[in-house]
Amino acid sequence: MKNMRPMTKDRFKKAMMAGLGRCYITLRTGDKEFYRDVVQQACLNNFTYDTQSDGTPERYVYALVNCYDDPLSFLPALLNKFATLDFSVTNDWDILYYTRLLTLFARDGARDAAEIIRTRYEEVLTILKDPDRVVEGYVDYDEEIYTILGSALLKTDGTDAYVKLAKDMNYLNVNLHIRCADLPWIASAIKRLPTKPDFVTFVREHSDEDLSAFLSDYELAKDNPYSYLADEKKEEADNKEAYNEDDETEEEEASAEETATDEDEPDVSKEPVSFRPFYRWANACEDPRLWDTYPDVEDLIDAARAASAETLAKLRPYRDKPNDIELKKLIRYLNHYDDDVRDEAEDIFIRRTDTDAVDYAIMRLGMRGPEWWTLHLLIMRYVPENEQIICYMMNKLSFDLESKDCWHGAVSAVIDAIYDCKIDLPQSILSIVYERSLCRNCRMNAFRELYKKGWVTPEMEEECYFDANDDLVEFAEEHHFKKATFEK
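Residue numbers for the sequence shown, in my numbering: 4 to 491.
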């Protein structure tokens, strides 16, 4: 394959965070040493925007690592980070990523990687065995982390982990009532084990203890690990009933709001609002008279809460009739000091269909730069003459993990416009989503549209095989895309 045009480090990093396969091709065909530090950082940071939806990128990152002649050189920094990682404060999705990446190293013979997984597994097991352990919050994160490390142990140690894991989980079951059903990832990992030797048969033949408590639970849990217990089913039914009651209550409240008038007094005690108190902007330089009206800060906060609740009550009926509110009045709420009021106004604004709202969105973009909700409206009301400004402003969005400018709102608008509104968007806008979005599902949807319209280039076909999105890799295989070849 011919060498691609060299990417700057910044472009390489952005492409890597989006999960584009061109990073792999670049390393295989160019000066890979130039990007070594960027790949090292990928080993130390989970750059997935939505891990629960998209999964972890260890396969993608490990492929980048193996473009180098010394892939193990990336391991020490990862080992050090994982060894010193405070599980009590680290996001469990990040722990999952580091563990899975270490597992790939371990399965290729890196003993240090396998050993650190065993060490940290024992640490978490010790914590779970503590009879005085206190579970804080609704989710037991110690169990969550145990399932991550236990699943990794099965992958790294194979049959050597069968009996140990069964013994450990039997102890947790019998002594602490932590059951297999509460550890679904373990049951799921066991289901994916090779059929030979059979896990249950192997454990029975090689264990010197009675593990019947765990094995009986496992037999019940392996086909449906989340809901095999009767009490779990009852709890699910109770939760569903409570959920339906909440829905009915919300519908009643919404109906009451629709019939409310401007003169109605809001019930402040029932308004779940957050707010920025007036004293955020009413200082001595702006409006000292407000302090005379509310000398007590608590009174000032109560007044802010009441004002926000009243404003929200007036705004909410316009959700279904967004064109009925005067645009000039809505613009005032778009600049409101209260987050909830501003969010409500933005939600109403993006539903408008009038040309005045489109004109205001264009003017505001020119004055304030990219905002997801102004872009959202222009995308959903797309006309060809606005293509250039939409592309320009979308390219100015951050596309970072924090999503400080809510870039995903603009990207989602593109996908909604395609599939829900059947809007014929141009290649330029679709390409931005494919090239820059950190949401892999949105990228996949944009790619499908590009392919349907015949806008997928041979270079894009080649890089699909090395994408972070497994669905895109499968798409390439199903459609027999040409695969890049490299010199050894």
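The C-beta atom is built at its ideal place from N, Cα and C for all residues, glycine as well.
Note that the structure is a prediction, hence the values are computed from the model and not measured.
Of the candidates Lys132, Glu139, Ile98, the residue whose Cα lies closest to the Cα of Ser154 is Ile98. By the neighbour-count criterion, in which a residue is buried when 16 or more other Cβ atoms sit within 10 angstroms of its Cβ, Met370 is exposed. The Cβ-Cβ distance between Tyr221 and Ala190 falls below 8 Å. Between the alpha carbons of Tyr454 and Leu400 lies a distance of about 25 Å.
A direct Cα-Cα distance of roughly 17 Å separates Phe217 from Leu156. 8 Å or more divides the Cβ of Arg446 from the Cβ of Ala45. Ranked by how close their Cα comes to the Cα of Glu212, the residues Ala169, Ile151, Lys456 have Ala169 in first place. Going by C-alpha positions, Trp96 is about 8 Å away from Thr59.
Assignment of Val166 by DSSP, reduced to helix, strand and coil, places it in the helix class. Where Lys455 is concerned, the enclosing alpha helix (DSSP H) starts and stops at 443-455.
If the five residues before and after Arg39 are omitted, its C-beta is found closer than 8 Å to the C-beta atoms of Tyr71, all from its own chain and listed in chain order.
DSSP places Leu330 inside the alpha helix (DSSP H), whose first and last residues are 330-337. In terms of Cβ geometry, Tyr100 and Glu139 do not form a close pair [threshold 8 Å]. Where Tyr395 is concerned, the enclosing alpha helix (DSSP H) starts and stops at 390-398. DSSP places Met10 outside any alpha helix (DSSP H), giving it a letter other than H or E. A straight line joining the alpha-carbon of Leu381 with that of Ile435 spans about 16 Å.
In this structure, the CA atom of Ala113 is about 18 Å from the CA atom of Thr162. The C-beta of Pro134 has fewer than 16 other C-beta atoms within 10 Å across all chains shown, which makes the residue exposed. In the same chain as Val41, and ignoring 5 residues on each side of it, the C-beta atoms closer than 8 Å to its own belong to Lys12, Phe15, Lys16, Met19, in chain order.
The beta-carbon separation of Cys442 and Asp53, rounded to 6 Å, stays under the 8 Å limit for a contact.
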